[in-house]
Each structure stands twice: as C-alpha cells, then as structure tokens.
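Trainee:
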Amino acid sequence: MFRSRSKSVAISKSSDGKGGTVRAGRGHGSTVRLPVYLREQIMADSKAYNIPYRSKLTERIEPGQTLIIRGKTIDESKRFNINLHKDSPDFSGNDVPLHLSIRFDEGKIVYNAYTKGTWGKEERAKNPIKKGEAFDIRIRAHDSKFQVSINHKEVKNFEHRIPLNSVSHLSIDGDVVLNHVQWGGKYYPVPYESGIAADGLVPGKTLVVYGTPEKKAKKFNINLLKKNGDIALHFNPRFDEKANGFMCAKPTPGSVVRNSLVNGEWGNEEREGKNPFERLTAFDLEIRNEEFAFQIFVNGERFASYAHRVDPHDIAGLQIQGDLELTGIQVVNNQVAQE
Numbered sequence: 295m296f297r298s299r300s301k302s303v304a305i306s307k308s309s310d311g312k313g314g315t316v317r318a319g320r321g322h323g324s325t326v327r328l329p330v331y332l333r334e335q336i337m338a339d340s341k342a343y344n345i346p347y348r349s350k351l352t353e354r355i356e357p358g359q360t361l362i363i364r365g366k367t368i369d370e371s372k373r374f375n376i377n378l379h380k381d382s383p384d385f386s387g388n389d390v391p392l393h394l395s396i397r398f399d400e401g402k403i404v405y406n407a408y409t410k411g412t413w414g415k416e417e418r419a420k421n422p423i424k425k426g427e428a429f430d431i432r433i434r435a436h437d438s439k440f441q442v443s444i445n446h447k448e449v450k451n452f453e454h455r456i457p458l459n460s461v462s463h464l465s466i467d468g469d470v471v472l473n474h475v476q477w478g479g480k481y482y483p484v485p486y487e488s489g490i491a492a493d494g495l496v497p498g499k500t501l502v503v504y505g506t507p508e509k510k511a512k513k514f515n516i517n518l519l520k521k522n523g524d525i526a527l528h529f530n531p532r533f534d535e536k537a538n539g540f541m542c543a544k545p546t547p548g549s550v551v552r553n554s555l556v557n558g559e560w561g562n563e564e565r566e567g568k569n570p571f572e573r574l575t576a577f578d579l580e581i582r583n584e585e586f587a588f589q590i591f592v593n594g595e596r597f598a599s600y601a602h603r604v605d606p607h608d609i610a611g612l613q614i615q616g617d618l619e620l621t622g623i624q625v626v627n628n629q630v631a632q633e
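Numbering (this note's numbering), first residue to last: 295 to 633.
#1: Would you report the Cα separation of T621 and S443, rounded to the nearest angstrom?
#2: Skipping 5 residues on each side, what residues in its chain have a beta carbon closer than 6 Å to that of Q615?
#3: Please report the Cβ distance between S382 and H463, rounded to the nearest whole angstrom; I am assuming they are in contact, meaning their Cβ atoms lie under 8 Å.
#4: Can you grab the Cα-Cα spacing for the pair V502 / Y347, in whole Å?
#5: What does the alpha-carbon distance come out to for the pair I305 and N388?
#6: Quick one: is T412 buried, meaning 16 or more other Cβ sit within 10 Å of its Cβ, or exposed?
#7: In the DSSP output, which residue or residues are listed as bridge partners for K516?
#8: Using CA coordinates, which residue listed in F529, D399, Q441, E595 is at the minimum distance from K513?
#9: Taking the continuous beta strand (DSSP E) assigned at R582, which residues delimit it?
#10: Which one of G611, A526, R565 has the shortest CA to CA distance from D493?
#11: Once the 5 residues before and after S465 are set aside, which same chain residues still bring their CB inside 6 Å of it?
#12: Do you know whose CA, among F440, V471, D467, Y405, lies nearest L656's CA?
#13: Quick check on this structure: which residue in E416, G489, V475 has the alpha carbon closest to the alpha carbon of E453?
#14: Name the DSSP beta bridge partners of F586, please?
#15: Can you find a C-beta in chain D that's less than 8 Å from the C-beta of Y347?
#16: Answer with buried or exposed for P422, where buried requires no fewer than 16 other C-beta atoms within 10 angstroms of its C-beta.
#17: Take the Cβ of D524 as the centre, count every other Cβ of all protein chains shown within 10 Å, and call the residue buried at 16 or more, exposed below.
#18: Let's see if you can read the secondary structure: which residues bound the beta strand (DSSP E) around E595?
#19: Would you identify the three-state DSSP class for L501, choosing helix, strand or coil?
#20: In the DSSP assignment, what residue or residues form a beta bridge with F440?
#21: Could you spell out where the beta strand (DSSP E) holding E416 opens and where it closes?
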C-alpha cells in the first residue's frame, strides 16, 4: 500500500490580457478499505482559447507530468508553434527549453531550444497532423527529456538542453484553433491502489484514467471498489484473447471483459464490443457513474454501458493493475467530462 500525493499545477491564463487562474481542487478522502486516498491535480479548460495563447505556471513542472493540448487546424494552416519558456511567455531574450513548430508548408515538425540568446540545432521529423483536422499533442516531462506524442502515438524524445525546472510559461501561436490545455499527472506505481476522496465516485462523478499499454501487454484491469471490498466494476482489456474467450495464436485486438465481484462471487461477464485499446498507444478512459449504469468512453468515443449490480453511491476505492504505464488519474464532475 502507499499514499498518493501529487502537487497541483495551476496556470494563470493571460491570453489577450484576459483570463484568471484555474486551480486544481485538493480533496482529502476518508479512510476506506485501502488506507490511502486519491488526490490528483486538474488544470483543464475545454472552452476555446484566444490565439496567441500565453500562460504562467504557478508551480514548476515535475518529472512525470504531461501537457495535453487539443485543437484543430484550418485548411489554410501554414504552421503553429508550442513553446515552453523560462521567465516570460515571449521571445524577449529569455531561454526557451522547448520550441515545437508544426509546419504544414514544409511537411515537418521542428524541435529546438533557445538558450543564451542563440537557437540550437534543429531536430526535424515528419508532420503526422493534417490540415483541417483535429489533433491531440502531449508533452510528457522526464528528468532528461520531453516525450512528445501526437494523436496518442509517440513521435519524439527531445533531450533537455535547459533544465526542466526552468520552465515557467507556455505559449501557443499560429494557424490553429485551440480548445483544451491541461497539465497533470505524475509517475505512478503499477499496481496502483487508492481510496477516492470526499464522497467517492458517486453518481454525477467521472473517473478519468490516462495510460499506455506496454509493448508486450497481455492485459490490464481497473477495479472500482465498494467499502466492503466488493468490486462494483471490473474493467479488463485483454490483448491475446478473442471476444468469445479463446486464446489467439496470432496477435489480435482481443476483448474487454466487464464484471462485478459481489460477496466473493463473480457475476456474468460482459464482452460486447471490439477492444479499442492498442499496445504502445496512449488512451483516455472515462468511466462516468450515472444513477443506473456506468457509461464508458475511450478517447472520447462511447464504448459500453454497464448496468449497476451494486449500490452506485458506495464506490470508495480504485485499483489499477497489469501491463500498462499510467500517466494521469482524475475524478471530475460528469458535466466537466462531457465538455
């Protein structure tokens, strides 16, 4: 067992001189069967942003945290830029630990850093983003590098040329429509166990899990626990198993098993639907607790509905196990999750 602790990262938005500070809630959970609690940081806003976008981090980035940027390009897009700055969100002479330039006019993404008044050597790669389409860009901070993923696929590791703890500001500019910016996450142990803060995952709340199945992943599972240890929802993607339960000689998408454990006995499995998870491909999993069922979404797409077999007001714990890397965990209101 362990205690889950993580600092919140708030961002003061200053796009065209407007905006305020968006801060993460800090909840203190009650002791449940697991003597730990869930307290994760959230800085998210799904409303449209003004471009150019400027923001200041009120706390320094820590290794393990991820910047998530979602938006859409326009048919006439030539390029747009994402910059992590030191001291100010501009190019007034201060260092820029990461400059990421998505260039449609060149068909490339350019990675660079600006230090001591000079741009370094460019690192170039193919641009997988298409004009006029939505995109999801993630920059995960590590001790020695930034790990960049686009549309849930890792595309680049950019070694730090300037210390990570120097990053204080974020800017985004160019030919882009920006609708979501979020900092969060940390390094998580797997298996992961935690209580859920406040009243637990009651109806009206959504659990959001960010992760990536490992290269040779066979399965992983997420369990939502009652205070007495029963499993209200066992969500179990399996990569080497067909939907009918037979093992596969060749790699296949596999199946996703849903079930409940009540009074020490498993119920009937539910397996409908293709496995939407892929090895080495990041996912956003949302489990929305509603009065009569869990509504389950993967990468924003509805995957399944699971009718409650136990009291949905009594979910107090979380377990995550198996072959995956966890990058973020949040509990939010359903209305926020749907935006």
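Note that the Cβ used here is the ideal one computed from N, Cα and C, for glycine as well. Since we're looking at a predicted model, the values are computed, not measured.
Mentor: To lay it out plainly:
#1: Taking the first residue of the sequence shown as position 1, residue 621 is located at position 327. Taking the first residue of the sequence shown as position 1, residue 443 is located at position 149. Their Cα atoms are separated by approximately 13 Å.
#2: Your numbering for residue 615 matches position 321 in the sequence shown. Counting only Cβ-Cβ distances below 6 Å, and skipping sequence neighbours, we find P485, N515.
#3: Residue 382 sits at position 88 when you count from the first residue of the sequence shown. Residue 463 sits at position 169 when you count from the first residue of the sequence shown. So it is a contact: roughly 6 Å between Cβ atoms.
#4: In the sequence shown, counting from the first residue as 1, residue 502 sits at position 208. In the sequence shown, counting from the first residue as 1, residue 347 sits at position 53. Computed Cα separation, rounded: 26 Å.
#5: The sequence position of residue 305 within the sequence shown is 11, counting from 1. The sequence position of residue 388 within the sequence shown is 94, counting from 1. Annotation note: pLDDT 41 at I305 (below 50); position unreliable, no value reported.
#6: Start at 1 with the first residue of the sequence shown, and residue 412 comes out as number 118. With fewer than 16 other beta carbons inside 10 angstroms of its own, T412 counts as exposed.
#7: By one-based count along the sequence shown, residue 516 stands at place 222. A small fix is needed here, since residue 516 is Ile in this sequence, not Lys. Beta-bridge pairing links I516 to F529, I614.
#8: Residue numbering aside, residue 513 sits at position 219 when the sequence shown is read from its first letter. Per the Cα distances, F529.
#9: Numbered from 1 along the sequence shown, position 288 holds the residue referred to as residue 582. Looking at the DSSP string, the run of the beta strand (DSSP E) that includes R582 is 577-583.
#10: Within the sequence shown, numbered from 1, the residue matching residue 493 stands at position 199. The alpha carbon of D493 has as its nearest neighbour, out of G611, A526, R565, the alpha carbon of G611.
#11: Here residue 465 is taken as the residue at index 171 of the sequence shown, counted from 1. Excluding sequence neighbours, S465 sits near R348, N377, P383.
#12: The requested residue 656 is not part of the displayed model; the chain covers only 295 to 633.
#13: In the sequence shown, counting from the first residue as 1, residue 453 sits at position 159. Of E416, G489, V475, the residue nearest in Cα terms is E416.
#14: As a working mapping, residue 586 is identified with position 292 in the sequence shown. Per DSSP, none; premise fails for F586.
#15: Among the chains in the structure shown there is no chain D, since it carries only a single protein chain.
#16: Indexing the sequence shown from 1 puts residue 422 at position 128. Exposed: under 16 other Cβ atoms inside 10 Å.
#17: Looking up residue 524 in the sequence shown gives position 230. A residue is called buried when at least 16 other Cβ atoms come within 10 angstroms of its Cβ; D524 meets this threshold and is buried.
#18: Position 301 of the sequence shown, counted from the first residue, corresponds to residue 595. Boundaries of the beta strand (DSSP E) around E595: 595-601.
#19: Residue mapping note: residue 501 aligns to position 207 of the sequence shown, counting from 1. In this structure, L501 counts as strand in the three-state DSSP scheme.
#20: Taking the first residue of the sequence shown as position 1, residue 440 is located at position 146. Answer is A435, F452.
#21: Counting from 1 along the sequence shown, the entry for residue 416 is found at position 122. Element bounds for E416: n/a, residue is neither H nor E.
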